[in-house]
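Each remark here refers to the structure printed beneath this line.
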Amino acid sequence: MQLWISGLSEAWGSFRAEDLYLQGDFTNYGIDWEGPIPEMTADVVEVPVTNCPLSEVQANMLPTVTNLSYPEAVQVFNDIVNLLPNN
14 MQLWISGLSE
24 AWGSFRAEDL
34 YLQGDFTNYG
44 IDWEGPIPEM
54 TADVVEVPVT
64 NCPLSEVQAN
74 MLPTVTNLSY
84 PEAVQVFNDI
94 VNLLPNN
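One gets this note's numbering by counting positions in the sequence shown from 1 and adding 13 to each.
Okay, structure coming up:
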């Protein structure tokens, strides 16, 4: 719906398309009052331990990447893939 509204706004200029189509109270939009109640859990995210496929030497060889152009980013990605074992 967001892309649709964005497209209408561009096509119609400064007119707000959402004003035409989205009239009403949308405070509780998307809430299913008859649906199941979610479990209340603590605000904690547990991240499982993973094994990095790179050795410490390989990890130190990873480039520092900032503000790359698209071709540069593709080259860096390919370089990193080539570092991975079993490639």
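Even for Gly, the Cβ is constructed at its ideal location relative to N, Cα and C.
A straight line joining the alpha-carbon of Phe90 with that of Ile50 spans about 43 Å.
Taking 8 Å as the cut-off, the beta carbon of Leu96 is found closer than this to the beta carbon of Met74.
Contact between Asp56 and Pro76 does not hold, since the beta-carbon distance rounds to 35 Å and is not under 8 Å.
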